[in-house]
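*Asks:*
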Amino acid sequence: MTAALSAHELIARHRSTLDQALEAIRTRAYWSPHPEHPKAYGENGSLDMAAGKAAFDALLGSRLDLGQPGTDDWVGGETSPYGIDLGVTYPHADLDVLLPAMKAGQRAWRDAGAEQRAVVCLEILKRISDRTHEFAHAVMHTSGQAFMMAFQAGGPHAQDRGLEAVAYAYVEQVRTPDNAEWTKPQGKRDPLAMNKQFTPVPRGIALMIGCNTFPTWNGYPGLFASLATGNAVLVKPHPRAVLPLALTVQVAREVLAEAGFDPNLVALAAERPGEGIAKTLALRPEIRIIDYTGSTEFGDWLEANARQAQVYTEKAGVNTVVVHSTSDYKGMLSNLAFSLSLYSGQMCTTPQNLLVPREGISTDQGPKSYDEVVADLAKAVDGLLGDDARANALLGAIVNPDVKARLEAASGLGEVALASREITNPDFPGAVVRTPVIVKLDGAKPDDEAAYMSECFGPVSFAVAVDSAEDAAELLRRTVREKGAMTVGAYTTDPEVEQAVQEVCLEEAAQLSLNLTGGVYVNQTAAFSDFHGSGGNPAASAALCDGAFVANRFRVVEVRRDA
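The sequence shown begins at 1 in this note's numbering and counts up by one.
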């Protein structure tokens with residue numbers, strides 16, 4: 001296959017970016033090569049806001065032909081949470097044809113080496129970045145995120161996570177040298193001398209099972225970690241969020257072909273309505289790696305049944321915030337209100353349980369009772385979302401009917417401190433937009449435990465009254481241990497309480513945020529610095545991104561010879 005993009009050219013173009021990424025994951029300092037502001041795009045070949053919207057509009061009602069082998073049908077059916085029928089159709093694959101075709105290109109991809117694979121991946125990410133505005137609309141109209149969130153989380157932040165995975169993959173692969181000269185002294189006899197060659201070899205075909213809410217942000221780490229370590233990648237999107245990942249596959253195939261590799265190293269597995277091909281794919285012997293984001297039920301099934309594969313899951317948990325005391329009451333309420341409202345609580349990192357001592361908390365505004373804390377938080381959410389235009393920009397749209405049903409049922413679980421209200425989106429009258437609900441529960445009542453010890457994904461939070469800080473720490477421990485947590489938050493001015501909460505999180509492997517009152521929120525993480533999940537509690541078997549996330553996607557094979 002003739003390469004239009006030489007290895008030398010790609011290394012010259014992207015090696016400095018790779019080096020900066022390597023330094024960023026070493027120092028954990030802030031760094032990103034992908035601009036967060038929409039106005040930063042439109043030069044050097046990238047699409048500006050108008051061109052990105054036009055490119056997205058041109059996709060509606062079209063057939064996205066990826067040129068994959070084994071296409072036996074065309075499938076689609078995505079409807080935007082904003083009420084638009086996307087009408088895009090995608091290739092449906094005959095797996096017995098597609099999977100062998102994907103394996104065919106792996107030898108050349110393996111032999112290319114870690115550096116060349118890395119810069120090819122960076123070229124893919126660069127071309128995706130140039131189309132960020134187009135991708136933002138695709139993410140918005142499949143996930144229900146508001147545009148700015150879809151632009152940032154679905155664009156630069158997702159691209160950062162993909163690049164982070166490439167950097168970790170590169171580090172782990174070059175940890176072992178390509179060659180070594182080995183000499184062992186034998187006293188008076190001649191030394192033993194050998195030449196040893198070490199090659200990172202891929203596991204096989206990786207299956208990336210996408211999610212509905214964050215198709216690119218959650219999808220790119222696994223996709224690029226597998227590709228950078230030499231594996232072919234089959235992308236199986238959520239049936240309601242195919243378009244962003246189909247576009248990603250399209251770009252990847254173009255770059256691979258231009259770089260002289262088999263484009264079938266990356267392929268799409270779209271499905272017919274109700275077909276449910278994820279289980280079928282997960283058990284295929286060719287599938288040796290699985291990345292999955294979604295429900296605990298299916299994640300547990302994958303871990304138990306896909307025995308031939310290395311399985312990385314991000315499932316679900318019950319995220320908890322301990323509210324003990326604060327030196328910035330207004331800032332605490334504002335921070336929590338934003339965290340509960342962002343994207344209608346449809347994030348795996350959104351707080352659900354707020355543990356508040358029943359005798360109240362100490363603040364810079366004096367003592368506040370449990371009832372006052374909950375009422376003031378409700379007012380803060382109401383104030384944040386009081387203007388409908390601002391509310392629409394923060395809430396986005398409810399992603400599916402199940403979230404709406406959970407929201408509506410939550411008011412029957414206890415005393416409602418903040419009722420959810422319906423908001424109309426004037427630009428998208430078909431969107432289902434709802435403000436959060438806050439329900440008061442008692443941690444000492446067994447009847448309430450069933451509610452707060454279960455995940456209620458969506459804009460639902462429980463203000464759980466507890467007897468003391470010690471009880472809060474123990475309930476936190478039990479919640480993380482039994483249900484898992486992607487995030488934990490705590491507000492306290494007491495060093496002993498802070499230490500107790502921190503110790504719980506260290507022992508139960510949960511990521512902790514303390515006393516956030518400014519512009520950083522418990523449900524947001526930054527690539528190259530923050531770990532998303534830990535892989536150490538039931539919420540996820542992997543962290544995005546660390547060495548463990550990439551190191552078992554390949555093995556090192558040794559060939560040794562007498563010197």
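Beta carbons are placed, not taken as given, at the ideal position from N, Cα and C, and that holds for glycine.
Note that this is a predicted model, so its numbers are computed, not measured.
Exposed or buried, which one is TYR521 when buried takes at least 16 other CB atoms within 10 Å?
*Replies:* With 16 or more other Cβ atoms within 10 Å, it is buried.
*Asks:* Between PRO538, VAL119, GLY443, ALA29, which has its C-alpha nearest ALA7's C-alpha?
*Replies:* Comparing Cα positions, the closest option is VAL119.
*Asks:* Determine the DSSP secondary structure at PRO538, reduced to helix, strand or coil.
*Replies:* In this structure, PRO538 counts as coil in the three-state DSSP scheme.
*Asks:* Please name the residue, chosen from ASP562, THR349, LEU516, VAL323, that lies closest to ASP467 on a Cα-to-Cα basis.
*Replies:* When each option's Cα is compared against that of ASP467, the closest is VAL323.
*Asks:* Quick one: is VAL557 buried, meaning 16 or more other Cβ sit within 10 Å of its Cβ, or exposed?
*Replies:* VAL557 is exposed by the Cβ-count criterion.
*Asks:* Do you know offhand how far THR199's Cα is from ALA259's?
*Replies:* So the two alpha carbons sit approximately 21 Å from each other.
*Asks:* Which parts of the stretch 44-116 are runs of the beta strand (DSSP E), unbroken and 3 residues or longer, counting only runs that do not cross its ends?
*Replies:* 71-76, 89-93, all fully within the stretch 44-116.
*Asks:* Please check the pair LYS236 and GLY210, which I expect to be a contact at CB under 8 Å, by giving their CB distance rounded to whole angstroms.
*Replies:* Correct: roughly 7 Å between the Cβ atoms.
*Asks:* Would the beta-carbon of ALA257 fall within 8 Å of that of LEU283?
*Replies:* No, these two residues do not count as a Cβ contact at 8 Å.
*Asks:* Where do the ends of the beta strand (DSSP E) carrying GLN197 lie?
*Replies:* GLN197 -> beta strand (DSSP E) spans 189-202.
*Asks:* Which residues does DSSP pair with ASP291 in a beta bridge?
*Replies:* Looking at the DSSP assignment, ASP291 forms a beta bridge with MET208, TYR312.
*Asks:* Would you mind stating whether THR213 and GLN346 have Cβ atoms separated by less than 8 Å?
*Replies:* Yes; because the gap between Cβ atoms is below 8 Å, this pair is in contact.
*Asks:* In this structure, does DSSP put THR320 in helix, strand or coil?
*Replies:* Strand at THR320.
*Asks:* Could you tell me which uninterrupted alpha helix (DSSP H) segments, each at least 4 residues in length, are contained entirely in the stretch 230-263, listed from first to last along the chain?
*Replies:* Runs found: 243-258.
*Asks:* For PRO429, count the other beta carbons within 10 Å of its own beta carbon; 16 or more makes it buried, fewer makes it exposed. Which is it?
*Replies:* By the 10 Å Cβ count, PRO429 comes out exposed.
*Asks:* Taking the CB atoms as reference points, tell me whether GLU115 and ILE11 lie closer together than 8 Å.
*Replies:* Yes, these two residues count as a Cβ contact at 8 Å.
*Asks:* When you compare each of THR79, PHE56, PRO185, TYR312 to THR132 by their alpha carbons, which one comes out closest?
*Replies:* Selected option, being the one with the closest Cα: PHE56.
*Asks:* Using the Cα positions of ALA431 and GLU503, report the straight-line distance between them to the nearest angstrom.
*Replies:* Taking the straight line joining both Cα atoms gives about 43 Å.
*Asks:* Quick check on the DSSP output: the beta strand (DSSP E) that includes TYR491 runs from which residue to which?
*Replies:* Start and end: 488-491.
*Asks:* So, ALA136 versus LEU394, is the Cβ gap smaller than 8 Å?
*Replies:* For ALA136 and LEU394, no; Cβs fall outside 8 Å.
*Asks:* Determine the DSSP secondary structure at ASN515, reduced to helix, strand or coil.
*Replies:* Residue state, collapsed to three classes: coil.
*Asks:* Out of curiosity, what's the CA-to-CA distance linking ASN425 and ASP388?
*Replies:* C-alpha separation (whole angstroms): 8 Å.
*Asks:* Taking the beta carbon of LYS368 as the centre, do at least 16 other beta carbons fall within 10 Å, making it buried, or is it exposed?
*Replies:* By the neighbour-count rule (16 or more Cβ atoms within 10 Å), LYS368 is buried.
*Asks:* Can you list, in chain order, the residues of its chain with a C-beta nearer than 6 Å to that of VAL464? Leave out the 5 residues immediately preceding and following it.
*Replies:* Excluding positions up to five away in sequence, the list reads ASN353, LEU355, LEU441, GLY443, TYR452.
*Asks:* Below 8 Å on the Cβ atoms is my guess for VAL311 versus SER46; work out the distance and round it to an integer in Å.
*Replies:* Not confirmed; about 36 Å, so no contact.
*Asks:* Buried or exposed: VAL194, going by 16 or more other Cβ atoms within 10 Å of its Cβ?
*Replies:* The sequence given here places Met at residue 194; Val does not occur at that position. Label assigned to MET194: exposed.
*Asks:* Of all the options ASP371, LYS39, THR350, THR349, which has the alpha carbon lying nearest to the alpha carbon of GLU359?
*Replies:* Nearest of ASP371, LYS39, THR350, THR349 to GLU359, Cα basis: ASP371.
*Asks:* If you count every other CB in all the chains shown that lies within 10 Å of the CB of ASN218, and 16 or more means buried, which is it?
*Replies:* So ASN218 ends up on the buried side.
*Asks:* For the beta strand (DSSP E) containing ILE361, list its first residue and its last residue.
*Replies:* No beta strand (DSSP E) contains ILE361, which DSSP labels as neither H nor E.
*Asks:* Can PRO351 and VAL321 be called in contact, C-beta distance under 8 Å?
*Replies:* It is a contact, given that the beta carbons lie within the stated cut-off.
*Asks:* From what residue to what residue does the alpha helix (DSSP H) around ALA138 run?
*Replies:* That run of the alpha helix (DSSP H) goes 132-143.
*Asks:* How is ILE438 classed by DSSP in three states: helix, strand or coil?
*Replies:* Correct three-state label for ILE438: strand.
*Asks:* I'd like the list of long-range same chain contacts for PHE462, defined as Cβ closer than 6 Å, with 5 residues on each side in sequence excluded.
*Replies:* So the qualifying residues of the chain are ASN353, VAL439, LEU441, TYR452.
*Asks:* According to the neighbour-count rule (16 or more other Cβ atoms, all chains shown, within 10 Å of its Cβ), is GLU271 buried or exposed?
*Replies:* Per the 10 Å Cβ criterion, buried.
*Asks:* The beta strand (DSSP E) that contains PRO185, what's its start and end?
*Replies:* Counting along the chain, the beta strand (DSSP E) containing PRO185 begins and ends at 179-186.
*Asks:* Can you list, in chain order, the residues of its chain with a C-beta nearer than 7 Å to that of ALA4? Leave out the 5 residues immediately preceding and following it.
*Replies:* Contacts found: GLU258.
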